[in-house]
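Number of protein chains: 2
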Amino acid sequence: MKVEIINIGDELLIGQVINTNAAWMAEQLDLSGFPVRLVTVVRDCHEQILETLQEAEKRSEVVLISGGIGPTNDDITKKTLCEFFQARLVFDEEAFRDIEIFFALRGLHVTELNRQQADIPEGCISLPNKIGTARGMWFEKQGGHNKNSIFVSMPGVPFEMKEMMINEVIPRLQKKFHPPFLYHKTALTQGIGESFLAAQIEAWENKLPENIKLAYLPQPGIVRLRLSGSGNNEQRVRQQVNTALKELEAQISDYIFGYDEDTLEEIVGKLLLEKGKTLATAESCTGGYIAHLITSVPGCSGYYRGSLVAYSNEIKESLLFVSPNILKKEGAVSEETTMEMAVAAQTQFDADYVIATSGIAGPEGGTVEKPVGTTWIALATPDEVFARKYLFGDSRERNIRRTALQALNMLRKSLI
Amino acid sequence: MKVEIINIGDELLIGQVINTNAAWMAEQLDLSGFPVRLVTVVRDCHEQILETLQEAEKRSEVVLISGGIGPTNDDITKKTLCEFFQARLVFDEEAFRDIEIFFALRGLHVTELNRQQADIPEGCISLPNKIGTARGMWFEKQGGHNKNSIFVSMPGVPFEMKEMMINEVIPRLQKKFHPPFLYHKTALTQGIGESFLAAQIEAWENKLPENIKLAYLPQPGIVRLRLSGSGNNEQRVRQQVNTALKELEAQISDYIFGYDEDTLEEIVGKLLLEKGKTLATAESCTGGYIAHLITSVPGCSGYYRGSLVAYSNEIKESLLFVSPNILKKEGAVSEETTMEMAVAAQTQFDADYVIATSGIAGPEGGTVEKPVGTTWIALATPDEVFARKYLFGDSRERNIRRTALQALNMLRKSLI
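Those protein sequences? They're chains A and B, same order as listed. Going by this note's numbering, the first sequence opens with residue 53, and the numbers climb by one from there. Going by this note's numbering, the second sequence opens with residue 53, and the numbers climb by one from there.
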């Protein structure tokens with residue numbers, strides 16, 4: 053099955069917008085059993101769209117198109133599709149009803165431009181758009197180079213396209229082509245690099261059944277391990293993937309913090325809520341980034357008390373009561389300083405748990421003894437306080453990110 | 053001049069990596085007078101790369117390729133280029149010297165795989181890679197559909213590709229094709245939406261000389277206005293753009309905070325350093341995000357004291373001394389509360405300036421009187437303290453971002 057994507061829009065070809073649609077569409081299609089061979093990005097230009105459609109017809113059986121179907125004049129995809137399929141526009145009653153409802157809910161009148169969005173090329177299946185006014189269009193083209201090519205046109209607005217892909221396009225493709233059943237589970241790891249991870253799980257990986265594939269998906273500070281099982285016996289595939297995952301967990305339980313779409317800040321938040329415990333942070337090198345991650349989770353006021361970002365030694369002394377002696381003798385980036393920060397913040401914020409960080413984020417400030425990337429993270433719990441040292445890299449941005457993830461994972465481990 | 057981009061790599065077609073290279077390359081080419089017509093993304097697959105090169109040759113005069121030229125076996129772009137150009141590999145002395153130096157500087161030996169990176173297709177110009185080991189390859193193909201097609205192969209690693217584009221590829225293209233001189237200046241605005249901005253500068257926009265184009269480039273909380281002048285008289289084009297910019301400034305000086313690559317956090321940092329003043333923050337709804345922005349700037353310890361993230365009313369009382377009466381009567385999201393937070397933080401952090409925020413970021417917590425998006429921002433300076441109310445939208449993420457940008461711009465205005 054040859055599948056390709058066409059993204060339409062001038063904004064994608066002048067660098068104004070990064071083409072996140074292609075990545076998301078390709079991933080969803082890949083996960084659903086329709087691996088993508090090719091992505092083409094073209095301008096809102098009649099000839100170029102037409103040329104690309106003609107080439108796509110030669111190459112592929114399924115062509116998924118996004119962009120260029122809004123109500124304004126610069127959106128010319130629908131017109132071009134009509135030409136390509138030699139179809140005229142016909143008024144679609146159901147589409148118009150949906151548009152009327154859409155505007156009525158917002159207290160607005162339907163304009164002529166929006167009425168025209170109910171004009172749909174004859175012979176295509178018009179796909180509902182639950183969160184916008186541009187309908188999707190599903191064409192099946194007989195004859196030609198492939199017996200049966202499918203072309204689907206979707207909006208370019210990411211959340212409208214996503215809704216349509218998930219609820220309309222992928223289910224219809226699956227119904228039509230019956231790809232083998234696919235089942236994916238992704239284990240999220242923190243605190244170990246890709247190559248070390250690969251070495252540690254090599255034997256397990258080599259013994260995976262042939263129908264189960266493993267993909268390493270690294271991001272700064274996190275490596276995702278995706279297991280994809282395929283086959284015709286749905287129950288058996290699920291079982292195989294889950295068994296493989298259990299074996300993996302047994303080997304690297306120390307690094308796995310969650311699955312699929314989990315984030316560390318959400319997991320930590322759920323654990324704190326469950327246990328009725330509170331959290332505060334005392335941040336030096338992370339400069340408020342841990343607080344930002346925690347407060348990006350709705351409902352965090354149920355467990356998060358706040359943070360003291362102590363960016364200078366004076367503030368560490370005056371607001372977190374770190375002793376001037378320790379700062380002088382051990383330095384701000386030290387076990388003692390982070391532990392004192394954590395303990396003081398426990399009292400200051402009246403919190404059960406405190407994370408404290410201090411490090412040399414870079415690019416300046418490194419020494420031979422404490423090079424850029426040197427980081428201490430302390431954790432105060434109701435029972436104890438301890439600190440650990442890490443040596444991260446030389447990118448300020450990544451050092452901040454990795455310190456925050458490491459700190460949240462330390463807290464998670466302490467909570468479970 | 054027909055220009056297209058080909059990005060090669062499996063990771064781009066399974067959703068693992070978002071294709072930021074295409075956006076960056078397209079923007080740079082557009083800014084240099086080589087607008088891009090088409091982007092194609094293909095897998096590390098010999099046949100597909102070959103097919104795409106053949107189609108590109110028919111369509112375009114300049115074809116810029118990234119990806120697939122690393123040392124490992126899955127990188128097959130170089131082999132495929134040899135086939136396409138019917139060229140054999142020859143050992144490039146200069147390339148090998150560069151590779152030897154690259155490894156020597158890192159205390160490593162050159163492996164056989166890396167030695168092979170000095171094998172370059174005969175007849176191409178090999179382009180130096182200052183920060184990696186994969187050379188660029190510049191091919192000129194005579195005859196065929198275009199008299200003279202240029203194909204350039206670059207690494208897929210973003211920072212290596214960028215360095216090569218800026219220092220080698222774009223200067224060579226300009227030397228070869230002499231596009232009209234282009235001059236760009238981008239004004240950065242904050243605090244006004246795209247449509248309001250457009251209405252306010254309509255008359256100015258309509259009077260722009262024909263050779264000067266205006267582009268609106270909106271991002272959450274910021275609208276960039278890019279002026280692009282073109283012509284053969286370099287000095288005159290510069291003058292025209294600068295004059296237009298001055299007229300623009302006169303009309304919307306209240307919203308322009310910087311130019312080109314400036315960020316608010318850097319501008320504010322520079323102003324504070326210049327004036328020898330210090331800053332602290334007291335954050336409720338922004339939850340540490342302002343602190344994170346400020347501390348993402350290297351050298352911020354020269355002016356930034358720290359932040360108190362007070363996420364609960366108790367912390368606002370105990371650490372920022374907001375009076376329980378005010379919290380009860382006016383609520384946490386109020387003029388009085390943010391002003392008290394700002395003044396207290398001035399003392400607590402011994403800082404000249406303080407930004408304080410309190411708002412309902414959402415999705416929960418809104419009321420009829422104070423719907424989600426309601427936000428107060430206070431600013432304490434050495435001379436005064438005041439607060440302003442804003443009504444942002446219903447996205448938590450965007451409310452946090454817009455509050456932070458608005459607050460930093462308030463501070464900037466007070467500093468100038």
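All C-beta atoms, glycine included, are put in the ideal place defined by N, C-alpha and C.
Check                                                                                                                  : Outcome
M217/A: first and last residue of the uninterrupted beta strand (DSSP E) it sits in                                    : Note, M217/A: premise wrong, no beta strand (DSSP E); not H, not E.
Beta carbon proximity, E449/A to chain B, threshold 8 Å                                                                : yes
Per-residue burial, F143/B [other beta carbons within 10 Å of its own, 16 or more giving buried]                       : exposed
K259/A, enclosing beta strand (DSSP E) - first and last residue                                                        : From DSSP, K259/A is part of no beta strand (DSSP E); its letter is neither H nor E.
Completely contained beta strand (DSSP E) runs for the region 119-190 of chain B, where each covers 3 or more residues : 141-143, 171-173, 177-179
Whole runs of the beta strand (DSSP E) within the region 414-456 of chain A, excluding any shorter than 3 residues     : 426-432, 437-443
Backbone secondary structure at L65/B - three-state DSSP                                                               : coil
Proximity of M393/A and L379/A at Cβ, strictly below 8 Å                                                               : no
H236/B, enclosing beta strand (DSSP E) - first and last residue                                                        : 233-242
Cutoff 7 Å; reference V88/A; Cβ partners in own chain excluding five residues on either side                           : V55, E56, I57, A78, L81, D82
Short Cβ contact (8 Å threshold) for T409/A with T390/A                                                                : yes
Closer than 8 Å at the beta carbon, the chain B residues around W76/A                                                  : G67
E146/B at chain A interface by Cβ criterion, 8 Å                                                                       : no
Any C-beta of chain B under 8 Å from that of A384/A                                                                    : no
Interface positions of the region 82-93 of chain A facing chain B (Cβ-Cβ less than 7 Å), listed along the chain        : D82, V88, R89, L90, V91, T92, V93
Which of helix, strand or coil DSSP assigns to T315/B                                                                  : coil
is_contact[I58/A, chain B] using C-beta, thresh 8 Å                                                                    : no
Boundaries (first-last residue) of the alpha helix (DSSP H) holding S112/A                                             : Unbroken run through S112/A: none, as it is neither H nor E.
8 Å contact criterion, which S466/A and T427/A should meet: CB distance rounded                                        : Not quite, the Cβ-Cβ distance comes to about 18 Å (not below 8 Å), so this is no contact.
DSSP three-state assignment for E366/B, whether helix, strand or coil                                                  : helix
is_contact[V361/B, chain A] using C-beta, thresh 8 Å                                                                   : yes
C-alpha gap between E63/A and P415/A, whole angstroms                                                                  : 34 Å
Chain B residues whose Cβ lies nearer than 7 Å to that of N119/A                                                       : The question names Asn, but residue 119/A in the sequence shown is Gly. By Cβ distance, chain B contributes nothing, its closest Cβ being about 13 Å from G119/A, past 7 Å.
is_contact[F444/A, chain B] using C-beta, thresh 8 Å                                                                   : no
Own chain, CB closer than 7 Å to Y311/A, minus 5 neighbours either side, in chain order                                : K237, T238, A239, L240
Same chain, Cβ closer than 7 Å to I177/A, neighbours up to 5 away in sequence not counted                              : W190
Short Cβ contact (8 Å threshold) for L234/A with S84/A                                                                 : yes
Own chain partners of G383/B with C-beta closer than 8 Å, once the 5 adjacent residues on each side are dropped        : T389, K422
Below-8 Å beta-carbon distance, I218/A vs any chain B residue                                                          : no
Any chain B beta carbon closer than 8 Å to F401/A                                                                      : yes
Same chain, Cβ closer than 6 Å to H98/A, neighbours up to 5 away in sequence not counted                               : I128, T132
Spatially closest choice to D171/B from A186/B, N181/B, G159/B, K182/B, by CA coordinates                              : A186/B
One or two residues paired with Q194/A in a DSSP bridge                                                                : N200/A
Nearest to D306/B (by Cα), restricted to the options F444/B, V115/B, Q242/B                                            : Q242/B
Members of the region 94-110 of chain A that neighbour chain B once the beta carbon cut-off is set at 9 Å              : V94, R95, C97, Q100, E103, T104, E107
Where S118/B falls, given that 16 or more other Cβ within 10 Å makes a residue buried                                  : buried
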